[in-house]
Structures are given as structure tokens and as C-alpha cells.
Amino acid sequence: MYKKNNLHTKLFNIFLFVLATLCFLKLFFEEDNLKGKNVFNLSEENIVINEDLNNDNKKDSIFIKKSDSDLLAQVNLNSNETYSLNYDKNLQTLGEYCTYWPVRVSTLDISRDNSKEIFIQSSFHNKAVQHIFSWNGNGYDDIFCSTNNLLGFIDSANSRTPKIISGNFQDNNINLKGYLYNQGSLKELNNNLTTSLPGKDTITNFICLIESLPDPYLSVPNYFYSQISGSDLESIFRLANGSNYYKFQDGYFTDLAWDNTGNITCENWILNFRVISTSDSKKVSNLTINLMINKYNDNDFPFKITSVNIY
Numbered sequence: 028m029y030k031k032n033n034l035h036t037k038l039f040n041i042f043l044f045v046l047a048t049l050c051f052l053k054l055f056f057e058e059d060n061l062k063g064k065n066v067f068n069l070s071e072e073n074i075v076i077n078e079d080l081n082n083d084n085k086k087d088s089i090f091i092k093k094s095d096s097d098l099l100a101q102v103n104l105n106s107n108e109t110y111s112l113n114y115d116k117n118l119q120t121l122g123e124y125c126t127y128w129p130v131r132v133s134t135l136d137i138s139r140d141n142s143k144e145i146f147i148q149s150s151f152h153n154k155a156v157q158h159i160f161s162w163n164g165n166g167y168d169d170i171f172c173s174t175n176n177l178l179g180f181i182d183s184a185n186s187r188t189p190k191i192i193s194g195n196f197q198d199n200n201i202n203l204k205g206y207l208y209n210q211g212s213l214k215e216l217n218n219n220l221t222t223s224l225p226g227k228d229t230i231t232n233f234i235c236l237i238e239s240l241p242d243p244y245l246s247v248p249n250y251f252y253s254q255i256s257g258s259d260l261e262s263i264f265r266l267a268n269g270s271n272y273y274k275f276q277d278g279y280f281t282d283l284a285w286d287n288t289g290n291i292t293c294e295n296w297i298l299n300f301r302v303i304s305t306s307d308s309k310k311v312s313n314l315t316i317n318l319m320i321n322k323y324n325d326n327d328f329p330f331k332i333t334s335v336n337i338y
């Protein structure tokens, strides 16, 4: 199902040749540099991401293109080496282009071998899609795929081994599993991340809050930092007093800071919501919310929201 045919491949190669020859590129993305990690929210049909993937201090390219049925993806290393990102048979699509559900591409060297893994989050028929691609010396393998709507990292930039987190927000709860990179594959961790992920309760409550809007009587919950910027709160109240419903689509997160014992003290979360007009259900768009949460001495919510950016 959803397999590429030869015509798609030929058209894709022609597309890349035209891009390289004419340098006629159109790139629209939101980029956050998070301690060596790059995250791109992509809203165009055909996009190019320039990123050093193999630690040679030269920019490589990730191409993602809309086809008739799904997305096609390809990597150009060292300017002249081309590799396709082919999906695993267990999930035979990279997703599809959707105006209200942007594709998210992130890169991080979880294997610690100086070759960054490529993480793609997208959607297919209004369901989340995840793929993780890892360099095997001759090309890229799809080492993980799922229809989960949350993807993140723990110990992403400290001395510990990075953990990949994948799971779902569903029925007002977050359920997660953790994985370690192990010789070209991911090994599931035994510990229960469903209850132990720092800040999980804060994020769960925040997603539920956004999904409860509009609400002109909204008050500030106690999982917001007491001294959060007034402009950040104002952006939430604008949503609350608007004329739209919100449906969570997918999210990405990573830890950013740790204490002396390695415990997480700060995280960044990027959450995508579908926006549906209250007056016309066919009027649909996207809303992305970027959150920072920090650890505080509070029994109810040890992690509080300290920053909110909406775009």
C-alpha cells in the first residue's frame, strides 16, 4: 500500500536536478537551534533543509517533495552522494502534504557516531506518522516507524546515553515508551516512562486546556510560572476568546538543562494543533505552540510553563 512507482522516482530525480542546476529554491520553515539539535516545521509542498549530517563541517541537504499520494524524501551528502529515505514495510508511507498539519524534521546524533539520525513527523489521512532514519555506512535505514503523535529525547546533550521517546497523547493522557540506539536498531527500555517523564502532567494539562477552548472565562492554571510574561499569557487569552476549536495533532520535545546529578531541569515542547472555525467546520488551519517548562519546588506541578510562543 502507498508504494512509490518508478515514475515517481524519475520525476523526483528530475525535480532535484532542476533545484541543483537553477538554484530555484523556496524554503519556509521554523528553525530552533537547541544545543546542537535542529528542528524544522515545514509548511511548503517542496522543501530543502541544509544541515551538516556527517560532521564534516559542510552543509548536506534533505529534500522532501510532495507526490500524488505521499511524501518522497532524499538526502544529498558531500554535494554528490544521493540516498533515498525509504520507508519500512511496516508503515509504507512517509506521510502526505497537508496544509493544516506541517511536516516536522529533526536531526540528532543518537548513535554518537558523528552521523546524525533523521526524524520525520508527518501525517497520513489525519493520523500521525513517525520515521527514524539512521546511516548504515552505505545508505539510510528506517530503524523505527509508528503512528504515535509524540516524539522526543532525554539526555540529548549531556554525558549520558541519549534516549528516544515515542508515544501518544490520547484520551487526555500521555503514554510513552523509551528506546536506546543499539547497533543500527532501537532497543526498548524497561523503565516506565508513562509516569516518570518530567513535566508530563504539565504538558497533559496544557494540551487539555487548549482543546477546551474557546472559553471566555479562562483563568490561569497553577502549572504556569507565577512570573511568566504578560504577553505570553495574553496569547493564550486571545485563543480563549477567539472563535475556533483546537484539536491536538502531534508534538516534539527535548530536554535542555540538568542539575549536578543529571536530573532534568528544563524542557522544550513544540505542539501542533488543528484549528477549526466554530462557524464553519470546513475552515481548518494549523497552530503551533512552543513551550518552555522549568523545574520548581512545587508538589502539584514540579515543572511549570515559563514561556509560550504561538505561531
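28 is the number of the first residue of the sequence shown in my numbering; add one for each residue after it. From the three backbone atoms N, C-alpha and C, an ideal C-beta is built for every residue, glycine too.
N-terminal and C-terminal residue of the beta strand (DSSP E) that K340 is part of: Nothing in the structure corresponds to residue 340, since the chain is present only between 28 and 338.
Would the stretch 155-163 and the stretch 327-334 be scored as touching if the rule is three or more Cβ pairs under 8 Å? With the cut-off at 8 Å, the stretch 155-163 and the stretch 327-334 do not touch.
Can the beta-carbon of K190 be found closer than 7 Å to that of T174? K190 places its beta carbon 7 Å or farther from that of T174.
Using 7 Å as the threshold, is the C-beta distance between I237 and Y208 below it? Cβ distance not < 7 Å, so I237 and Y208 don't count as in contact.
What would DSSP say about L260, mapped onto helix, strand or coil? Helix, per DSSP.
Which residues mark the beginning and the end of the beta strand (DSSP E) in which S193 is found? Annotation for S193: the continuous beta strand (DSSP E) segment containing it runs 190-197.
Starting from the Cα of F151, find the closest Cα among T229, E123, L216 and give me that residue. Measuring from the Cα of F151, the nearest candidate turns out to be E123.
Cβ distance (whole Å) where D198 is taken to contact N249 below 8 Å: Actually they do not touch by this definition, with Cβ atoms about 23 Å apart.
Do W128 and I230 have their C-beta atoms closer together than 7 Å? Cβ distance not < 7 Å, so W128 and I230 don't count as in contact.
Would DSSP call L266 helix, strand or coil? In this structure, L266 counts as helix in the three-state DSSP scheme.
For N184: DSSP bridge partner residues: At residue 184 the sequence reads Ala, which differs from the Asn that was named. Checking the DSSP bridge columns, you'll see A184 has no partner listed.
Looking only at C-alpha atoms, which of E71, N107, D168 sits nearest to S88? Cα-wise, what sits closest to S88 is N107.
Which residues share a DSSP beta bridge with K322? K322 is bridged to F330.
Where in the stretch 138-187 do unbroken runs of the beta strand (DSSP E), each at least 3 residues long, occur, reported from the N-terminal end onward? List check, beta strand (DSSP E) in window: 144-151, 154-162, 167-173, 177-181.
The beta strand (DSSP E) spanning K310 covers which residue range? K310 -> no beta strand (DSSP E), and no H or E assigned at all.
What's the call for S94, buried or exposed, on a 16-neighbour Cβ count within 10 Å? Counting Cβ neighbours within 10 Å, S94 comes out buried, since at least 16 surround it.
From G205, C125, S270, pick the residue whose C-alpha is nearest to that of L98; which is it? Looking at the Cα atoms, C125 is the closest of the given residues.
Just to confirm before moving on: does the CB-CB distance between N82 and N141 stay below 7 Å? Against a cut-off of 7 Å, the Cβ pair of N141 and N82 comes out as a contact.
Restricting to Cα atoms, I'd like to know which of G226, T109, D169 is closest to T120. The shortest Cα separation from T120 among G226, T109, D169 belongs to D169.
Is it a yes or a no for the stretch 298-306 touching the stretch 261-273, going by three-plus beta-carbon pairs under 8 Å? Under the Cβ criterion (8 Å, minimum of three pairs), the stretch 298-306 counts as touching the stretch 261-273.
Could you tell me the alpha carbon to alpha carbon distance between L283 and I181, rounded to whole angstroms? If I take the Cα positions, the gap works out to 9 Å.
Could you pull the start and end residues of the beta strand (DSSP E) that E294 belongs to? Taken as a continuous stretch (DSSP letters only), the beta strand (DSSP E) holding E294 covers 291-304.
Drop a sphere of 10 angstroms on the beta-carbon of D136, count the other beta-carbons inside from all chains shown, and report buried for 16 or more, exposed for fewer. That one is buried.
In whole angstroms, give me the CA-to-CA distance for Q101 and N73. Each residue's CA atom was taken as its position, placing Q101 and N73 some 12 Å apart.
Look at I320 and S262 and say whether their C-beta atoms are less than 7 Å apart. In this structure, I320 lies away from S262, with their beta-carbon atoms at least 7 Å apart.
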